[in-house]
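*Asks:* So the number in the working numbering is just where the residue sits in the sequence shown, counting from 1, plus 7. Using N, Cα and C, we set each Cβ at its ideal position, and we do this for glycine too. Fair warning: this is a prediction, and the values are worked out from it, not measured in the lab. For reference, the structure I am asking about is given below.
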Amino acid sequence: MKVTVIGAGVMGPGIAQVWMMGGHETAIVDISEEALQKGTEDIRESLTTMYQMGVLEKSPDHYMSLLTTTVSMQEAVEGASLIIEAVPERPDIKQTIYSQLDKLCPEDTVIVSNTSSLPLPDMFPDFRPGKFFVCHFFNPPPIIPLVELVKTDRTDQGAVEWLKSELLKCGKKPIVVNGFVMGFLVNRLQMAMMREALHLVQCGVVEPDDVDTAAMAAIGFKTAWQGMFDTMDYIGLDTVALVSGIIFPNLSNDTEVPAIITDKVQKGHLGVKSGQGFFNYEGERAAEVMNRRQTLLLEQLKLFKKYPS
């Protein structure tokens, strides 16, 4: 099967790598030769790291032989069974892409978008109804197992099941979201936790590093292996009901971005990319943080593969 990824920006190369690792001929198309070159280099570097850490059995060269890059949309989509759009979250850019695809692709081609926020099938109802839906990967795509498939009442269930099956073969954990809700599933859960964390820090109850310690050493330590509803069953639903009745009324229900965020943004303290956020990333600190993150995620992935849920 040939898979085409449109866009060689932040997510595109990683998404392409997923399908390469699954043994599929994969093409990346972008208007920028420079972006394609960088994306290719990033994929090779990622494959090399994964191979060195024992996540991959075959050499990086084996997987790289499955990759082609081009600036020609026609060349990229020719013979593709699956096309994944991963361009910036601008409807005008996406509309241009979809117009091209409508002219170039057979009617049975499954076309999906990696959007994390836009209700694209509703925004473009006449574009490939039934065969066009959302397939949302998480960064870094080659490592994070989960993929969100977001369908509407017009989506061909057969197309969703087919893509779900192909993702499973690639070692992914696809879930289906039945209908568009802002943020889909994962971002809604994550933002709910972030809202409460920001609220507690802004109130002076805890410091950011203590929140992170709690998230990693308690919540995250368990949720990698025991999901939320599984945890509720384990606790006992009577206990969950009792504690929920006490705590729910006291949780943050803020609908505005808190000052603890906006103040930092105004000062240019944007996080790792600016060298300063809630923590300091100046000098070599940023590279150290990113390298440690990738190493730990790969170790987690090895455990995930060893003990599948």
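Just how far apart, CA to CA, sit Ile50 and Val213?
*Replies:* When rounded, the distance between both Cα atoms is 39 Å.
*Asks:* Could you have a look at Lys179 and say whether DSSP puts it in helix, strand or coil?
*Replies:* Lys179 falls in the coil class under three-state DSSP.
*Asks:* Rank Glu40, Ser39, Ile22 and Ile38 by C-alpha distance to the C-alpha of Glu32 and give the top, closest one.
*Replies:* Closest option to Glu32, Cα to Cα, is Ile22.
*Asks:* Along the alpha helix (DSSP H) that carries Leu153, what are the first and last residues, could you check?
*Replies:* Taken as a continuous stretch (DSSP letters only), Leu153 belongs to no alpha helix (DSSP H), being part of the beta strand (DSSP E) at Leu153 to Lys158.
*Asks:* Within this structure, are the beta carbons of Val84 and Ala34 separated by less than 9 Å?
*Replies:* Yes, Cβ-Cβ distance for Val84 and Ala34 is below 9 Å.
*Asks:* If contact is defined by three or more beta carbon pairs under 8 Å, each pair taking one atom from either stretch, is the segment 103-112 in contact with the segment 129-146?
*Replies:* Yes, since at least three Cβ pairs between the segment 129-146 and the segment 103-112 fall closer than 8 Å, the two stretches touch.
*Asks:* Following the continuous alpha helix (DSSP H) through Thr246, name the residue where it begins and the one where it ends.
*Replies:* Segment Leu244 to Ile254, the alpha helix (DSSP H) holding Thr246.
*Asks:* So, is the C-beta of Ile35 closer than 9 Å to a C-beta in chain C?
*Replies:* As a matter of chain content, chain C is missing from the structure shown, which is built from one protein chain.
*Asks:* Please look up how many angstroms separate the CB atoms of Ile182 and Leu153, rounded, as I've assumed it's under 8 Å.
*Replies:* Right, the Cβ-Cβ distance comes to about 7 Å (below 8 Å), so this counts as a contact.
*Asks:* My guess is that Val36 and Thr77 are in contact by the Cβ rule of under 8 Å, so how many angstroms apart are they, rounded?
*Replies:* Right, their Cβ atoms sit about 5 Å apart.
*Asks:* Identify the residues that DSSP records as bridge partners of Val119: which are they?
*Replies:* DSSP lists Ile91 and Phe140 as partners of Val119.
*Asks:* Based on the DSSP output, what are the partners of Leu74 in its beta bridges?
*Replies:* Beta-bridge pairing links Leu74 to Thr33.
*Asks:* Identify, in the order they occur along the chain, each residue of the same chain with its Cβ nearer than 8 Å to the Cβ of Trp169, setting aside the five sequence neighbours on each side.
*Replies:* Excluding positions up to five away in sequence, the list reads Val117.
*Asks:* Can you give the Cα-Cα distance for Phe139 and Ala87, rounded to whole angstroms?
*Replies:* When rounded, the distance between both Cα atoms is 15 Å.
*Asks:* If contact is defined by three or more beta carbon pairs under 8 Å, each pair taking one atom from either stretch, is the segment 117-127 in contact with the segment 185-198?
*Replies:* Output reads yes: the segment 117-127 touches the segment 185-198.
*Asks:* Pull up the CB-CB distance for Gln307 and Ala231, whole angstroms please, since I reckon it's below 8 Å.
*Replies:* Confirmed, Cβ separation roughly 7 Å.
*Asks:* Please list the segments of the alpha helix (DSSP H) lying wholly inside the segment 260-284, counting only runs of 4 or more residues, in order along the chain.
*Replies:* You should have 266-273.
*Asks:* If Lys180 sits next to Gly29, beta carbons under 8 Å apart, how far is it from one beta carbon to the other, in whole angstroms?
*Replies:* The pair is not a contact, with the Cβ atoms about 14 Å apart (cut-off 8 Å).
*Asks:* Is the Cβ-Cβ distance between Ser39 and Ala15 less than 9 Å?
*Replies:* Yes, the Cβ-Cβ distance between Ser39 and Ala15 is below 9 Å.
*Asks:* Taking the alpha-carbon positions, what's the Val279 to Val25 distance?
*Replies:* One C-alpha to the other measures close to 25 Å.
*Asks:* Okay, do the segment 55-75 and the segment 99-106 touch, 3+ Cβ pairs below 8 Å being the bar?
*Replies:* No, they do not touch.
*Asks:* Identify the residues that DSSP records as bridge partners of Lys9: which are they?
*Replies:* According to DSSP, Lys9 bridges with Glu32.
*Asks:* May I ask which residues mark the beginning and end of the alpha helix (DSSP H) holding Pro128?
*Replies:* Looking at the DSSP string, the run of the alpha helix (DSSP H) that includes Pro128 is Leu127 to Met130.
*Asks:* By Cβ distance, which residues of its chain are closer than 7 Å to Phe311, with the 5 residues on each side in sequence left out?
*Replies:* Closer than 7 Å at the Cβ level, and outside the excluded window around Phe311, lie Pro152.
*Asks:* Out of Ala204, Tyr241 and Leu277, state which residue places its alpha-carbon closest to the alpha-carbon of Asn260.
*Replies:* Closest option to Asn260, Cα to Cα, is Ala204.
*Asks:* Let me confirm a value: Glu96 is counted as buried when at least 16 other C-beta atoms fall within 10 Å, else exposed. Which label applies?
*Replies:* By the 10 Å Cβ count, Glu96 comes out exposed.
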